[in-house]
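Going by UniProt numbering, the final residue of the sequence shown carries number 177, and the count climbs one at a time with no gaps. Where a beta carbon is used, it is the ideal one built from N, C-alpha and C, also for glycine.
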Amino acid sequence: MSMIFIGGSREIFQLPEPAIARIGAIVAANHGVLIGDAPGADAEAQGLLAGYGYEHVGVFHAGKEPRNNLGDWAAYHVPSPEGAHGHWVHAAKDREMARRADFGMMVWDGTSPGTAINVFRLAMANKPCVIYDLARGSVATTYNVEDWCAMLRHAGPEIRRQAEARMTPDERMALPG
């Protein structure tokens, strides 16, 4: 069973039709789903999966309990480092999903550095990730860090700067040049 890391921007409250169809295909193929507990794209995808009555879902969370677990699935607590705040609270959980995944599927608003860094984590491991870029109205697949760099060129230097600020020193070492 392939494991798919599904995620996306917290500002997205309606999945695009192609992403809905892709989730339907994931269910039909009986793939495992790794998903976070955030509002926005995570919760929207969870709602869709719960509507299917799909069981092969794991919800990853940093807090004591998941913020969203709409299908009452297995929950995996990945604690934050001591003293973590802001985006660092959820970074360990996101890294763990990328580590366990075989593939990714992200719904991106074109500006979310959190979604961009999750695509990067998959790209570092040469794991394909389908990105539904709502800002550009496009669908693309990244396979490696070079593809990720191309994706970020469309978003602009500020988004790349924000994504790089969320990287660990080891992650930064994977950047070209």
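**OP:** Could you pull out every residue in the same chain whose Cβ sits closer than 8 Å to the Cβ of H56, ignoring the five residues on either side in sequence?
**Re:** M1, N30, H31, G32 and V33
Original post:
Should S9 go down as buried or exposed, given a rule of 16 or more other Cβ atoms within 10 Å for buried?
Top reply: buried
**OP:** Run the CB neighbour count on M106, radius 10 Å, all protein chains shown included, and call it buried at 16 or more, exposed below.
**Re:** Buried.
Original post:
Apart from the five residues on each side of it in sequence, which residues of its chain come closer than 8 Å, Cβ to Cβ, to G114?
Top reply: Non-local beta-carbon contacts of G114 in its own chain, meaning distances under 8 Å to residues more than five positions away in sequence, involve S9, R10, H87, H90, D94 and R166 in chain order.
Original post:
Got a sec: is the Cβ-Cβ distance from E17 to anything in chain B below 8 Å?
Top reply: No chain B appears in this structure, which consists of one protein chain only.
Subject >> CB contact flag (A123, T111, <8 Å) >> reply: no
Subject >> Straight-line Cα distance separating N68 from L48 >> reply: 13 Å
**OP:** Counting only the same chain and skipping the five closest in sequence on each side, list residues whose C-beta sits under 8 Å from that of R172.
**Re:** Taking R172 as the centre and dropping the five residues before and after it, the same chain places the C-beta of E164 closer than 8 Å to its C-beta, in chain order.
**OP:** For I4, I'd like the list of residues in its chain whose CB is within less than 8 Å of its CB, leaving aside the five on either flank, ordered along the chain.
**Re:** I26, H31, G32, V33, L34, A101, D102, F103, G104 and M105
**OP:** Would you decide whether R121 is buried or exposed? Buried here means 16 or more other CB atoms lie within 10 Å of its CB.
**Re:** buried
Subject >> Counted within 10 angstroms of its Cβ, other Cβ atoms place F13 as buried (16 or more) or exposed >> reply: exposed
Original post:
On the three-state DSSP scale, how would you describe T115?
Top reply: helix
**OP:** Could you tell me whether the Cβ atoms of P79 and A62 are closer together than 8 Å?
**Re:** yes
**OP:** Check L34 in the structure and name its three-state DSSP category.
**Re:** It is a strand residue.
Original post:
So I23 is in the alpha helix (DSSP H); what residue range does that whole segment cover?
Top reply: Element bounds for I23: E17 to A28.
Original post:
Counting along the chain, where does the beta strand (DSSP E) carrying H61 start and finish?
Top reply: V57 to H61
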